[in-house]
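Numbering (UniProt numbering), first residue to last: 1 to 341.
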């Protein structure tokens, strides 16, 4: 079963301080506490001492409502609720709207070693950005040997043995106007709800290795329109030298390739001398666009065959009685094409 990762508060602060405008208010350390959930939590009744449903591995966000509630209580009542709340133990507190935390809140957090962060963003904006950042940081990750390219808006992950021609095929697609995402090493991550995204490693971004030419900078050669930073992986395309009989000739049997527990549609293309692999890959993308729109060519063809077989079994002439396949013009000397039995 796939499990979410975790991240230390200190590392989270390094990664999210700029986009979330976060500052650290506490000075007592404890930044090695783990954030283990993509979801955040608003404390609510937990500030009054009802902590049954508090999840310590979630960031606890305190906005205007929570701070006003604490200030409306007597210091003794507020401290009692905070003592129960902070004893869980919490990974960290995050205060939105740039609000100043009450002194007794900081005292209780210090005693329990709970880090306190603050952002000037409005609560709704802060929570939205925080959730997206946590999804990015805590999503399962892996690296795959392959090439990721955006063809007609469809993310295609090209896989196959080293030297099979993945990068050359991707270069042909770039020449056709499509966009490179990653070459050689693709970093993949799962985003809710079960979608797989790929990107290049920072050092490899926008570069490609072509045997005989070396390392190419695709941005410098073809411009910024020829690259993109990340893309959802919608089809895995396997390039291999397997025998023809190993392939589904009709394409009616759906195949998948699992990535981090998510099944991604798989298309297998056998390599043969003289085949235009780039054009075949482009057709895979076009066919996937049709499937997105509800048109599965292979399945529709199979249904026509099944309908013809069923009609023949009932003795039904689906062309109608006495209708030839082709009728010659009166002025021509051609003979009708006989109907195939």
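Backbone N, C-alpha and C define an ideal beta-carbon position, used for all residues, glycine too. Predicted model, so just to flag it, every value in this text is computed and none were measured.
Rounded separation between residue i and residue j - CA only
i, j, result
"residue 23", "residue 17", "7 angstroms"
"residue 63", "residue 123", "6 angstroms"
"residue 116", "residue 108", "11 angstroms"
"residue 181", "residue 142", "16 angstroms"
"residue 147", "residue 274", "22 angstroms"
"residue 188", "residue 67", "40 angstroms"
"residue 30", "residue 269", "53 angstroms"
"residue 140", "residue 240", "28 angstroms"
"residue 276", "residue 173", "11 angstroms"
"residue 14", "residue 302", "55 angstroms"
"residue 54", "residue 198", "34 angstroms"
"residue 10", "residue 272", "53 angstroms"
"residue 212", "residue 162", "15 angstroms"
"residue 178", "residue 222", "11 angstroms"
"residue 3", "residue 194", "Summary for residue 3: the model assigns pLDDT 43, below 50, so the residue's position carries little reliability; its value from the coordinates is reported in the next sentence. Each residue's alpha carbon lies about 12 angstroms from the other."
Beta-bridge partners of residue i, as assigned by DSSP
i, result
"residue 231", "198"
"residue 268", "238"
"residue 151", "154"
"residue 76", "According to DSSP, residue 76 bridges with nothing at all."
"residue 207", "217"
"residue 257", "264"
"residue 65", "BP columns for residue 65 are empty, so no partner."
"residue 99", "Residue 99 is not bridged to any residue."
"residue 94", "61, 117"
"residue 34", "8"
"residue 24", "117"
Extent of the continuous alpha helix (DSSP H) to which residue i belongs
i, result
"residue 13", "9-20"
"residue 168", "166-175"
"residue 106", "103-112"
"residue 136", "123-138"
"residue 181", "It is not in any alpha helix (DSSP H) - residue 181 instead sits in the beta strand (DSSP E) that spans 179-182."
"residue 220", "218-222"
"residue 309", "297-313"
Boundaries (first-last residue) of the beta strand (DSSP E) holding residue i
i, result
"residue 189", "185-191"
"residue 118", "116-118"
"residue 144", "141-145"
"residue 288", "Run containing residue 288: none in the beta strand (DSSP E); it sits in the alpha helix (DSSP H), 277-292."
Short Cβ contact (7 angstroms threshold) for residue i with residue j
i, j, result
"residue 235", "residue 288", "yes"
"residue 169", "residue 285", "no"
"residue 85", "residue 51", "yes"
"residue 114", "residue 134", "no"
"residue 224", "residue 267", "no"
"residue 119", "residue 20", "yes"
"residue 196", "residue 233", "yes"
"residue 262", "residue 190", "yes"
"residue 28", "residue 111", "no"
"residue 305", "residue 137", "no"
"residue 25", "residue 81", "no"
"residue 127", "residue 40", "yes"
"residue 129", "residue 104", "no"
"residue 251", "residue 307", "no"
Checklist entry - Taking one C-beta from the region 98-113 and one from the region 53-68 each time, how about it: are there three or more such pairs within less than 8 angstroms? => result Result yes; three or more Cβ-Cβ pairs closer than 8 angstroms.
Next on the checklist: Does the contact criterion of 3 or more C-beta pairs under 8 angstroms hold for the region 203-222 versus the region 249-258?
Outcome noted: Two segments are said to touch when three or more pairs of C-beta atoms, one from each, lie closer than 8 angstroms; by this definition the region 203-222 does not touch the region 249-258.
Checklist entry - Do the region 32-39 and the region 72-92 make contact, defined as three or more Cβ pairs closer than 8 angstroms? => result Touching, yes.
Checklist entry - Counting Cβ pairs, one atom from each stretch, are 3 or more of them under 8 angstroms apart for the region 202-212 and the region 178-193? => result Yes, they touch.
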